[in-house]
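Under the working numbering, the first residue of the sequence shown is numbered 800, with each subsequent residue one higher.
Cβ atoms here follow ideal geometry from the backbone N, Cα and C, with glycine treated the same way.
Small disclaimer: the values here were computed from a predicted structure and weren't measured.
Right, one structure below, let's go through it.
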Amino acid sequence: MRQASLLGCTIQIAFGWPLGSKSPEVAVNTSITEVSQFLEHIVNSTNMKCLTPPSALDGDCGFLATNLYAKSVFGEDALVNVSVEKQPDGKLGGYIRIRSKTQGIALSLGDKITLKQKG
């Protein structure tokens with residue numbers, strides 16, 4: 800069990816992975832050129848729920864950071880952090896980090912996102 804503090808609140812995070820292990824990270828590699836369209840595509844492709852309120856996603860500032868959540872058919876939770884920005888050349892860049900209690904779910908979800916993110 801690990802502890803983290805955010806805005807004066809302490810939360811406990813339980814990962815079933817050994818300390819020092821990295822959660823899967825997928826580099827953004829897509830033909831989609833709009834951050835909001837990319838987020839919508841990832842949400843629809845993975846059947847995950849966006850935890851960021853829609854009002855916070857309004858507008859177009861060229862970057863986006865949000866969290867997605869889903870529960871597997873096995874009852875395991877998965878959390879995905881999407882961090883993406885529009886590059887000067889018009890392409891999107893960034894990373895998608897996947898966290899879950901077991902590596903199997905995280906790795907499987909990472910593979911799915913890698914295949915589906917092309918658009």
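Reference S871, options Q886, S835, M847 and E824, closest by Cα: M847
Contact under 8 Å by Cβ, V834 with L891: yes
Cβ-based burial, F873 [other Cβ within 10 Å; buried from 16]: exposed
Neighbourhood of T829 by C-beta distance below 7 Å, restricted to the same chain and skipping five residues each side: F837, L891, Q916, K917 and G918
Run of the beta strand (DSSP E) containing A826, from where it starts to where it stops: E824 to A826
Terminal residues of the alpha helix (DSSP H) in which V883 lies: Element bounds for V883: not the alpha helix (DSSP H) but the beta strand (DSSP E), D876 to K885.
Endpoints, the beta strand (DSSP E) within which I897 is located: L891 to S899
Sequence-distant residues of its chain with Cβ nearer than 7 Å to L906 (five each side left out): P823
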